[in-house]
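Below: the structure, in structure tokens.
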Amino acid sequence: MTQQIISVPDIGGAEGVEVIEISVAVGDMIEADQGMVVLETDKASMDIPCPVEGMVTALKVSVGDKVAEGDALIEVDTEMVDNKDATAETDVAESESKPVAHAEVPGVTLVSEDVTVLVPEGAEGAEVIEVSVAVGDRVEEGDSLVVLETDKASMEVPAPQAGKVVSIALGQGDKTVTGGEILVLSVESSGSPSAERIAADKSQSTAPVIPVAPQLAPAQDHNAIVKASQSEDVYAGPAVRKFAREMAVDLTQITGSSDRGRISKADVKAYVKQMMNRHHVPSETPGVTAGSGIPAIPEVDFSQFGDIELLSMSKVKKLTAANMSRNWLNIPHVTQFDEADITDLEAFRKSLKAEAEQRGVKITPLPFLLKACAAALVAEPSFNVSMHCDGEHIVQRKYVNIGVAVDSPIGLVVPVIRDVDKKGLWELAAEFMTMVARARDSKLGPKDMQGGCFTISSLGAMGGQGFTPIVNAPEVAILGVSKAEIKPQWNGSEFVPRNMLPLSLSYDHRAINGGDAGRFFSYLNRVIGDVRRLLL
Ligand code: CAO
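Under the UniProt record's numbering, the letters of the sequence shown match residues 1 to 536, in that order.
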């Protein structure tokens, strides 16, 4: 026998590094470079590979131990590599009286057979605190079979091989005895057994006995960890911790259902299921925050506070709610506020009223705003873009279509007026009137609401000093218009009454930076303040 102690290699001088997983058990054959122990610092976890091949003859650390470079991890018999083929036959032959490490050995045709898993060394007198399998269960090598607990440590007894649980000798609460049977596994074979061999095996009814190395977890002060805040304080065994890591589950979020709050694999599975259900929200479900790790708004029984009535939402309202949630959660919004001086614009607009009547159109400030926004989009094309879904490109539009939010009886709709930059004020006023009428009569088709580059949302007729509109994705900006008011403005020598229009510009900060926004907004204000500029 050539025993070799495998120690912690150079881990960058880190000390007090925690052993979070032991990937091998006594009796395992280990390959060179195969992971044997997982260490975790507060910055990273590292799988420590074994530099030699051979048979693991002893574990020198337990899960939870703190180690540094040079500390012994495992002991390996490196001679077992050369001898394994020679010893295999003997081991199989002697399996009734002598424990073997492996029932499956290269070069030997093995058959399906029962193996008895025994109470491991150091676990005599331990209490069975969890039986993790049931008769008939299929287990993989390393799966936890039972969890034992002494006054010093809790330990999971892993399956030595993949197989099916045939019988279980221990129940929860039982005390273990030296060499006592835990359960019998029907293990997998590597060859096709002959019928005679299976019959012979069955008639013998003496299963090879496999001692397994327990996976130790440090003993816990169970009463103190009911509200654990750190994952190392959680009362769970290594296999459960490993499983939780694979599922990206934070064990501190789970309340263990086993004795004294111990977390089992079933608890982790139930938690994952619960999270999946909680976050599974139909894509058109409105007003519900989903994904992004954002907790759902709790359900409230409003009837306990007074009379209520349940009103169904229109399809448009449901869609608006879903879109608003989606846009608000996906887009990093910035909203900038300003006031545009519309004194001259209003004087001009009022001067057009008689002509407008003759033409059969109503001319409100909105057609002017459409024209001014189109000019600003042309002057500052960084606002006439969309984020490409690959996250690596920006789509630059060469056309100028503008949507206008309309408050209709069925909800908020946004008809789009095309090529605003190419149309005159009368044409825009007429088209806008038609669109609003169709919106209010629920006559807009999907095409009428597609292809926008930018949106105007005007609450001006209703009042208010300002609001933060939500960007209408895939557009990247939206203009909010509030109620104009006569306000005193300083002209350099005196205060003069001016008609000031409050504007709020929300934009997607992924696509637009503050400088672009500043340029766009000041250009827009200049044009609104002096509409003659639209001719320039
Ligand atoms: N300040 C002061 N007065 C204003 C104004 C403003 N910003 N905007 C419009 N007005 C005046 C108009 O000039 C008109 O008065 P006159 O008849 O004397 O000219 C009066 O208010 C009514 O205007 P209107 O509502 O008929 O027309 P509009 O072009 O201003 O608006 C529309 C049309 C469809 C945009 C509007 O009716 C609407 O539905 N707005 C709702 C938008 C919305 O819900 N947005 C969502 C908010 S959250 O993003």
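Positions of the beta carbon are idealized from the N, C-alpha and C atoms, including for glycine.
Q) For the ligand CAO, which residues count as neighbours when the test is a C-beta closer than 6 Å to any heavy atom? A) 364, 365, 366, 404, 405, 406, 407, 412, 436, 457, 458, 459, 460, 461, 469, 481, 483, 484 and 501
Q: List in chain order: all unbroken alpha helix (DSSP H) runs of 4+ residues lying wholly within the stretch 397-478.
A: 425-440
Q) Can you tell me where the beta strand (DSSP E) with residue 353 in it begins and where it stops? A) Here residue 353 refers to the residue found at position 353 of the sequence shown. First-last for residue 353: 353-359, but that is the alpha helix (DSSP H), not the beta strand (DSSP E).
Q. CB-CB under 6 Å to residue 384, same chain, minus the five flanking residues each way: which ones, in chain order?
A. In the sequence shown, counting from the first residue as 1, residue 384 sits at position 384. Excluding positions up to five away in sequence, the list reads 377, 397 and 453.
Q: Report the residue ranges of all beta strand (DSSP E) runs contained in full by the stretch 111-154; include only those spanning at least 3 residues, in chain order.
A: 113-118, 127-131 and 144-149
Q | Nonlocal neighbours in the same chain, by C-beta distance under 8 Å from residue 428, ignoring five residues either side | A | By one-based count along the sequence shown, residue 428 stands at place 428. Taken in chain order, the residues that qualify are 367, 370, 371, 417 and 420.
Q. What three-state label does DSSP hand residue 41 in the structure shown?
A. Residue mapping note: residue 41 aligns to position 41 of the sequence shown, counting from 1. If DSSP states are grouped into helix, strand and coil, residue 41 belongs with coil.
(Q) I'd like the span of the alpha helix (DSSP H) that includes residue 320, first residue to last. (A) Counting from 1 along the sequence shown, the entry for residue 320 is found at position 320. Taken as a continuous stretch (DSSP letters only), the alpha helix (DSSP H) holding residue 320 covers 315-330.
Q) Curious, which full-length alpha helix (DSSP H) runs of at least 4 residues does the UniProt domain "Peripheral subunit-binding (PSBD)" (235-272) contain? A) 238-246
Q. Hey, quick one: how far does the beta strand (DSSP E) through residue 522 stretch, first residue to last?
A. Taking the sequence shown and counting its residues from 1, the one referred to as residue 522 is at position 522. Taken as a continuous stretch (DSSP letters only), residue 522 belongs to no beta strand (DSSP E), being part of the alpha helix (DSSP H) at 514-529.
Q. How big is the Cα-Cα spacing for residue 11 and residue 403?
A. For this step, residue 11 is matched to residue 11 along the sequence shown. For this step, residue 403 is matched to residue 403 along the sequence shown. Spanning the two alpha carbons is a distance of roughly 60 Å.
Q) Start and end of the alpha helix (DSSP H) containing residue 14? A) By 1-based counting over the sequence shown, the position of residue 14 is 14. Note, residue 14: premise wrong, no alpha helix (DSSP H); not H, not E.
Q: Determine the DSSP secondary structure at residue 23, reduced to helix, strand or coil.
A: The sequence position of residue 23 within the sequence shown is 23, counting from 1. Residue state, collapsed to three classes: coil.
Q: Could you tell me whether the stretch 472-488 touches the stretch 297-307, where touching means 3 or more Cβ pairs closer than 8 Å?
A: no
**Q.** Residue environment, residue 422, which counts as buried when at least 16 other CB atoms sit within 10 Å
**A.** For this step, residue 422 is matched to residue 422 along the sequence shown. Burial call: exposed.
Q) Taking the alpha carbon of residue 374 as the point to measure from, which residue in 510, 77 and 425 has its own alpha carbon closest? A) Locating residue 374 in the sequence shown gives position 374, counting from the first residue. Residue 374 has its Cα closest to that of 425, out of 510, 77 and 425.
(Q) What would DSSP say about residue 537, mapped onto helix, strand or coil? (A) Look at the range of the chain in this structure, 1 to 536, and you will see that residue 537 is not part of it.
**Q.** Strand pairing of residue 77, partner residues [DSSP]
**A.** Along the sequence shown, one-based indexing puts residue 77 at 77. Per DSSP, 3 and 55.
Q.
In whole angstroms, give me the CA-to-CA distance for residue 400 and residue 414.
A. Residue numbering aside, residue 400 sits at position 400 when the sequence shown is read from its first letter. Residue numbering aside, residue 414 sits at position 414 when the sequence shown is read from its first letter. C-alpha separation (whole angstroms): 15 Å.
Q.
Cutting at 6 Å between CB atoms, please list the residues of its own chain near residue 2, excluding the five before and the five after it.
A. Counting from 1 along the sequence shown, the entry for residue 2 is found at position 2. Cβ neighbours of residue 2 beyond the five flanking positions: 78 and 79.
Q | Helix, strand or coil at residue 305 according to DSSP, with G and I counted as helix | A | Start at 1 with the first residue of the sequence shown, and residue 305 comes out as number 305. Coil.
Q: State the Cα-Cα distance for the pair residue 389 and residue 455, rounded to the nearest angstrom.
A: Looking up residue 389 in the sequence shown gives position 389. Looking up residue 455 in the sequence shown gives position 455. When rounded, the distance between both Cα atoms is 20 Å.
Q: Enumerate in chain order the residues of its own chain whose CB-to-CB distance from residue 436 is below 6 Å, with the five nearest sequence positions on each side excluded.
A: Position 436 of the sequence shown holds residue 436. Within the same chain, residue 436 has close Cβ partners 406.
Q. Using 8 Å as the threshold, is the stretch 494-502 in touch with the stretch 326-340, meaning 3 or more CB pairs across them?
A. yes
Q) Thinking C-alpha only, which one of 315, 332 and 273 is nearest residue 248? A) Here residue 248 corresponds to residue number 248 of the sequence shown, with the count starting at 1. The candidate whose alpha carbon is nearest that of residue 248 is 273.
**Q.** Neighbour-count burial assignment, residue 6, 16 or more Cβ in a 10 Å radius
**A.** To locate residue 6, count along the sequence shown from 1; it is residue 6. Buried, since its Cβ has 16 or more Cβ neighbours within 10 Å.
Q) What did DSSP end up calling residue 201 once you bin it into helix, strand or coil? A) If you number the sequence shown from 1, residue 201 lands on position 201. Confidence at residue 201 is low in this model, with a pLDDT of 36, below 50, so its placement is unreliable and the value that follows should be read with caution. Helix at residue 201.
Q) If residue 162 sits next to residue 182, beta carbons under 8 Å apart, how far is it from one beta carbon to the other, in whole angstroms? A) What you label residue 162 is simply residue 162 of the sequence shown in a count that begins at 1. What you label residue 182 is simply residue 182 of the sequence shown in a count that begins at 1. Their Cβ separation, rounded to whole angstroms, is 17 Å, which puts residue 162 and residue 182 out of contact at 8 Å.
**Q.** Neighbourhood of residue 123 by C-beta, 8 Å cutoff - its chain only, sequence neighbours within 5 removed
**A.** Counted from its first residue, the sequence shown places residue 123 at position 123. Correct list, in chain order: 148, 150, 155, 157, 176 and 214.
Q: Could you check what DSSP says for residue 371 in three-state terms: helix, strand or coil?
A: Here residue 371 refers to the residue found at position 371 when the sequence shown is read from its first residue. DSSP places residue 371 in helix when its eight states are reduced to three.
Q. Nearest to residue 15 by alpha carbon, out of 56, 52 and 67?
A. Here the question's residue 15 lines up with position 15 in the sequence shown. Of the listed residues, the one whose Cα sits closest to residue 15 is 67.
Q. In the DSSP assignment, what are the bridge partners of residue 503?
A. Along the sequence shown, read from residue 1 onward, the residue named residue 503 stands at position 503. 338 and 481.
Q | Contact under 8 Å by Cβ, residue 382 with residue 508 | A | Position 382 of the sequence shown, counting from 1, holds the residue named residue 382. Position 508 of the sequence shown, counting from 1, holds the residue named residue 508. It is not a contact, given that the beta carbons lie outside the stated cut-off.
Q: Kindly indicate which three-state DSSP category residue 376 falls into: helix, strand or coil?
A: Locating residue 376 in the sequence shown gives position 376, where the first residue counts as 1. Looking at residue 376 - three-state DSSP - the assignment turns out to be helix.
(Q) Let me check one thing: in DSSP terms, what residues is residue 175 bridge-paired to? (A) Translated into positions along the sequence shown, residue 175 becomes position 175. Its beta-bridge partners are 127.
Q.
Between the alpha carbons of residue 313 and residue 270, how many angstroms are there, rounded?
A. Walking along the sequence shown from the start, residue 313 turns up at place 313. Walking along the sequence shown from the start, residue 270 turns up at place 270. Going by the C-alpha atoms only, they are around 34 Å apart.
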